[in-house]
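Enquirer: Mind looking over this structure? Questions follow.
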Amino acid sequence: MPAIVIDGKAIAKKIRDDLAIRAAILRKKGVFPCLAVVLAGEDPASLSYVGAKEKALAEAGMESRDIRLPRSTGEGELLSLIDQLNRDPAVHGVLVQLPLPQHIEEDKVIAAIDPARDVDGFHPFSVGSMVLGRPGFLPCTPHGVVTLLRDLPIPLDGARAVVVGRSNIVGKPLANLLCRRDVNATVTLCHTGTRNLESICREADILIAAAGKPGLITGSMVKKGAVVIDVGVNRVEDPSAKKGYRLRGDVDFDPAVERAAYITPVPGGVGPMTIAMLLQNVLIAAEQRT
Ligand code: GUN
Numbered sequence: 006m007p008a009i010v011i012d013g014k015a016i017a018k019k020i021r022d023d024l025a026i027r028a029a030i031l032r033k034k035g036v037f038p039c040l041a042v043v044l045a046g047e048d049p050a051s052l053s054y055v056g057a058k059e060k061a062l063a064e065a066g067m068e069s070r071d072i073r074l075p076r077s078t079g080e081g082e083l084l085s086l087i088d089q090l091n092r093d094p095a096v097h098g099v100l101v102q103l104p105l106p107q108h109i110e111e112d113k114v115i116a117a118i119d120p121a122r123d124v125d126g127f128h129p130f131s132v133g134s135m136v137l138g139r140p141g142f143l144p145c146t147p148h149g150v151v152t153l154l155r156d157l158p159i160p161l162d163g164a165r166a167v168v169v170g171r172s173n174i175v176g177k178p179l180a181n182l183l184c185r186r187d188v189n190a191t192v193t194l195c196h197t198g199t200r201n202l203e204s205i206c207r208e209a210d211i212l213i214a215a216a217g218k219p220g221l222i223t224g225s226m227v228k229k230g231a232v233v234i235d236v237g238v239n240r241v242e243d244p245s246a247k248k249g250y251r252l253r254g255d256v257d258f259d260p261a262v263e264r265a266a267y268i269t270p271v272p273g274g275v276g277p278m279t280i281a282m283l284l285q286n287v288l289i290a291a292e293q294r295t
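What follows is the structure, encoded as structure tokens:
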């Protein structure tokens, strides 16, 4: 029997509806949850992500302060803008869309964000708090994946989870969250240096692809009955598509769906959950300051 396709959009919608109620309560108290969204340059994927985030904020009754900067913006200029946003009492969260233009050091910019406004969960303080299991903002995509997994009628406790990809944004924090006691999975983190990737993936009860390589996970890498979570959002050329490209995940969907028990689609799987978790962090930031 083919896998059940996980409807990330529907699960995210439920979360966003709850957040909208909490945002309305805050607004009644005169607090208007607000995220400053900074985009430097015009990377097409970033433009689309930023637009989706701002639209979702508005739909949940939250505000965004949209700050678009030219590609040529200097590092110093960006750092002083962040400093200004950190001090602005009307701004509850600060998000700098990545990747930044090459002449700007990403680490420096992330470290400049006030941890109390770090709704991306990328600041070293937030990362440290996550690893230590202390309160703090969790990064949105890994948190969204864990939230999706928790929604499934399958035991996570003791399950074998394999994460493919070691980015700071997804793979590394996700491996960390999955082995926390409240999830309690046994985690293997694979990357480009992994030997026998196929045989490791085939042992996964939960297989998470976050490598950014279209079709990396083939059908034969999926154990029968596994849960497959595809974090990949790759633009592949497609002359027959209106935009000239289509989105493809890291998982070769058609063969994988025949073997898995549950699988996320691309788009409509993890992506909407990332946005829901971002809205949740903005709301928490606003509630904490009230
Ligand atoms: N670029 C890709 N994903 C993200 C994200 O979750 N946050 C930010 N700020 N930039 C990104």
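Each residue of the sequence shown is one higher than the one before, starting from 6 at the first, in the numbering used here.
Glycine included, C-beta positions come from ideal geometry on N, C-alpha and C.
Just so it is clear, the structure is predicted and the values come from calculations on it, not from any experiment.
For ASP235, does the three-state DSSP call read helix, strand or coil?
Expert: strand
Enquirer: Since ILE213 sits in a beta bridge, which residues does DSSP pair it with?
Expert: VAL168 and ILE234
Enquirer: Using only the alpha-carbon positions, how far apart do CYS39 and ARG27 sit?
Expert: 14 Å
Enquirer: In angstroms, rounded to a whole number, what distance separates the CA positions of ILE222 and ARG240?
Expert: 16 Å
Enquirer: For the alpha helix (DSSP H) that contains ALA8, what are its first and last residues?
Expert: Here ALA8 belongs to no alpha helix (DSSP H), and DSSP marks it neither H nor E.
Enquirer: Given the structure, does THR191 come close to ligand 1, in the sense that its CB is under 7 Å from one of the ligand's heavy atoms?
Expert: no
Enquirer: Using alpha carbons as the reference points, say which of GLY56, ALA266, LEU182 and ALA117 lies closest to VAL150.
Expert: Per the Cα distances, LEU182.
Enquirer: I need the straight-line Cα distance from GLY273 to ALA17, nearest angstrom please.
Expert: The alpha-carbon of GLY273 is positioned some 10 Å away from that of ALA17.
Enquirer: For GLN107, verify whether its CB is less than 7 Å away from any heavy atom of ligand 1.
Expert: No, the Cβ of GLN107 stays beyond 7 Å of every heavy atom of ligand 1.
Enquirer: How is the alpha helix (DSSP H) around CYS145 delimited, first residue to last?
Expert: Taken as a continuous stretch (DSSP letters only), the alpha helix (DSSP H) holding CYS145 covers 145–156.
Enquirer: Any idea what DSSP makes of GLU242, helix, strand or coil?
Expert: Looking at GLU242 - three-state DSSP - the assignment turns out to be strand.
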